[in-house]
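In UniProt numbering, the protein residues as written are 1 to 206.
Encoded structure:
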């Protein structure tokens, strides 16, 4: 190859060398940006892991409680005599205060119809009816709360899924940085090779 041909090749290689250096610089800048946020991303990944498992555990617990409460509220609440007494007592007080006049009229009517019905018997029957109504109302309210809890479980699961996606995104960013460093290393090797070849070709011209 004559000198003119060699000079053309050198010119081509110098252009290629500059392109390689520019690309390497772009990748280096990108790698630096990722490295700056590396600790932040690592902390975020840890945070999203904790949040994900916490939300899943909470959602699972709430789901079990809400399903039991919805299907059989008696199992959770009305097996406790203390709780039952509180619910019935509160409802009885409220019901009697709201319907005192009606109850008094009913007592008079029942006694007029059946002389054998004493005041205590009538009162016992009314108390039993109030107790049944109080428990049924309590069951309905518990089922209503359980339905809201199931909706909350769905929201928690959606949030947990979002946390998992963010965790995977952080993991992908860290992997991307590793790949970038490998590519930069390859570019450095190419640049060194081009510089060596250009140097040798220039020496041969002389």
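Don't be surprised by glycine CBs; every beta carbon is placed ideally from N, CA and C.
Remember, predicted model here, so these are calculated numbers, not experimental data.
- With the rule of 3 Cβ pairs closer than 8 Å, the region 194 to 201 counts as touching the region 7 to 17.
- Residue 72 carries a coil assignment under DSSP once its states are collapsed to helix, strand and coil.
- Contact between the region 45 to 57 and the region 132 to 141 is not established, with fewer than three Cβ pairs separated by less than 8 Å.
- The shortest CA-to-CA distance from residue 27 to any of 70, 130 and 187 is the one to 187.
- For the options 185, 169, 61 and 72, the alpha carbon positioned closest to that of residue 139 is the one of 72.
- Inter-residue distance for residue 143 and residue 69 is about 6 Å (C-alpha atoms, whole angstroms).
- When DSSP assignments are scanned along the region 125 to 197, no uninterrupted stretch of beta strand (DSSP E) that is 3 or more residues long falls wholly within it.
- The distance from the Cβ of residue 150 to that of residue 66 is about 5 Å, consistent with a contact at the 8 Å cut-off.
- Cβ atoms of residue 20 and residue 191 come within 8 Å of each other, at about 5 Å.
- For the 9 Å CB-CB criterion, residue 49 and residue 167 form a contact.
- With fewer than 16 other CB atoms across the displayed protein chains lying within 10 angstroms of its CB, residue 32 is exposed.
- Taking the Cβ atoms as the reference, residue 156 lies roughly 4 Å from residue 59, within the contact range of under 8 Å.
- With at least 16 other beta carbons inside 10 angstroms of its own, residue 177 counts as buried.
- Its Cα nearest to that of residue 61, the residue 152 stands out among 127, 165, 152 and 194.
- Between residue 145 and residue 34, the gap from beta carbon to beta carbon reaches 9 Å or more.
- If you check the CB distance, residue 10 and residue 202 come in under 9 Å.
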